[in-house]
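Engineer:
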């Protein structure tokens, strides 16, 4: 029987648990609105993932992982021509640009980030296709699902709490009028400073998230911390 349905009735963690227990091989395709995410498994382990609209190649994955800078990416792309990711990976290793472990860890982080996005989806159509496998020219990994399921359960609980506190991303934020508070004296992370820079009654939380490249969970988490600290309202 085909595995398909809606996330309203069957959560992502339940799907991952089923894939793990049954040691399934194939690809889980999940879509909502204009977004589509493909998550591939081999014998119950995560092997590959991509966003349907953004099938990032190896150089871009390494760039976003800060393993390569922009100049290196340009030089590699000029040199590599039409190489596959597997061929490019060997070229980078043999040219001492990067180690095999750095490539694998960067890809693992990228694939996991795709799955983590799904934990914030409460609705969306899904289907499991046992015939759909990762492209042969892409580099695959083997990641056990047990820890991912545990982390996913935690994230879903956090998501439900944050969604209750911040039900809509279409609301705008403004700084609270508090005397004696100087933003320059605040101890914030780099990501928090990026969000602070866009706080303006003209910007919705959704617009801030897009400008700072944050997903729904990340932006809600940061905004909620600001609200709790009395910085914004």
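Residue numbers (the numbering used here): 196 to 428. Note that beta-carbon positions come from the ideal geometry of N, C-alpha and C, so glycine has one too. Here the structure is a predicted model, which is why all the values come from computation and not from measurement.
Quick one: which unbroken alpha helix (DSSP H) runs of 4-plus residues sit fully inside the segment 265–321? Chain order, please.
Structural biologist: Entirely contained in the segment 265–321, the alpha helix (DSSP H) runs reaching 4 residues are, in chain order, 265–275, 280–289 and 295–313.
Engineer: For residue 325, tell me which candidate among 224, 207 and 208 has the shortest Cα-Cα distance.
Structural biologist: Nearest of 224, 207 and 208 to residue 325, Cα basis: 224.
Engineer: Output the residue ranges of the alpha helix (DSSP H) runs that lie fully inside the segment 360–395 and measure 4 residues or longer, sorted by chain position.
Structural biologist: Qualifying alpha helix (DSSP H) stretches, in chain order: 385–391.
Engineer: List the DSSP bridge partners of residue 227.
Structural biologist: For residue 227, which the question treats as bridged, DSSP gives the partners 230.
Engineer: The beta strand (DSSP E) spanning residue 198 covers which residue range?
Structural biologist: Unbroken beta strand (DSSP E) run through residue 198: 198–201.
Engineer: Reducing DSSP to helix, strand and coil, say where residue 342 ends up.
Structural biologist: Residue state, collapsed to three classes: helix.
Engineer: Within the same chain, show all residues whose beta-carbon is closer than 8 Å to that of residue 369, passing over the 5 residues directly before and after it, in chain order.
Structural biologist: The residues are 394, 395, 396, 427 and 428.
Engineer: Go ahead and pull the three-state DSSP assignment for residue 210.
Structural biologist: Of the three classes helix, strand and coil, the one that applies to residue 210 here is helix, per DSSP.
Engineer: With H, G and I counted as helix, E and B as strand and the rest as coil, what does DSSP make of residue 252?
Structural biologist: The answer is coil: DSSP assigns residue 252 none of H, G, I, E or B.
Engineer: Where does the unbroken beta strand (DSSP E) through residue 242 begin, and where does it stop?
Structural biologist: It spans 240–246 - the beta strand (DSSP E) in which residue 242 sits, taken as one unbroken run.
Engineer: By DSSP, does residue 221 sit in helix, in strand, or in coil?
Structural biologist: Note: residue 221 maps to strand in three-state DSSP.
Engineer: Nearest to residue 425 by CA position, among 360, 372, 350 and 314, is which residue?
Structural biologist: Comparing Cα positions, the closest option is 372.
Engineer: In the DSSP assignment, find the unbroken alpha helix (DSSP H) run with residue 413 in it and report its ends.
Structural biologist: Segment 411–423, the alpha helix (DSSP H) holding residue 413.
Engineer: Please classify residue 276 as buried or exposed, where buried requires at least 16 neighbouring CB atoms within 10 angstroms.
Structural biologist: Per the 10 Å Cβ criterion, exposed.
Engineer: How many whole angstroms separate the CB atoms of residue 235 and residue 328, which I take to be in contact at a CB cut-off of 8 Å?
Structural biologist: Indeed, because the Cβ distance is near 6 Å, the residues count as touching under 8 Å.
Engineer: Can you name, in chain order, every residue of its own chain whose Cβ lies under 7 Å from the Cβ of residue 401, other than the five neighbours on each side?
Structural biologist: Answer for residue 401: 364 and 365, listed in chain order.
Engineer: Which residue's Cα is closest to the Cα of residue 360: 307, 420, 403 and 294?
Structural biologist: When each option's Cα is compared against that of residue 360, the closest is 420.
Engineer: Assess, as a yes-or-no matter, whether the segment 199–218 is touched by the segment 260–277 under the definition of 3 or more beta carbon pairs within less than 8 Å.
Structural biologist: Taking 8 Å as the limit for Cβ pairs, the verdict is that the segment 199–218 does not touch the segment 260–277.
Engineer: Tell me whether the segment 305–321 and the segment 219–233 touch, counting them as touching only if at least three CB pairs, one residue from each stretch, are closer than 8 Å.
Structural biologist: Yes, since at least three Cβ pairs between the segment 305–321 and the segment 219–233 fall closer than 8 Å, the two stretches touch.
Engineer: Which whole-angstrom value is the C-beta distance of residue 246 and residue 232, which I expect to be below 8 Å?
Structural biologist: The Cβ separation is near 6 Å, so the contact holds.
Engineer: Ignore the nearest five residues each way along the sequence and tell me which others in residue 284's own chain have a CB closer than 8 Å to its CB.
Structural biologist: Closer than 8 Å at Cβ, skipping near neighbours: 253, 295, 298 and 334.
Engineer: If we count Cβ pairs, one from each stretch, closer than 8 Å, do we get three or more for the segment 405–422 versus the segment 345–358?
Structural biologist: Short answer: they touch.
Engineer: For residue 416 and residue 386, I'd like the C-alpha separation in whole angstroms.
Structural biologist: Approximately 11 Å between the Cα atoms of the pair.
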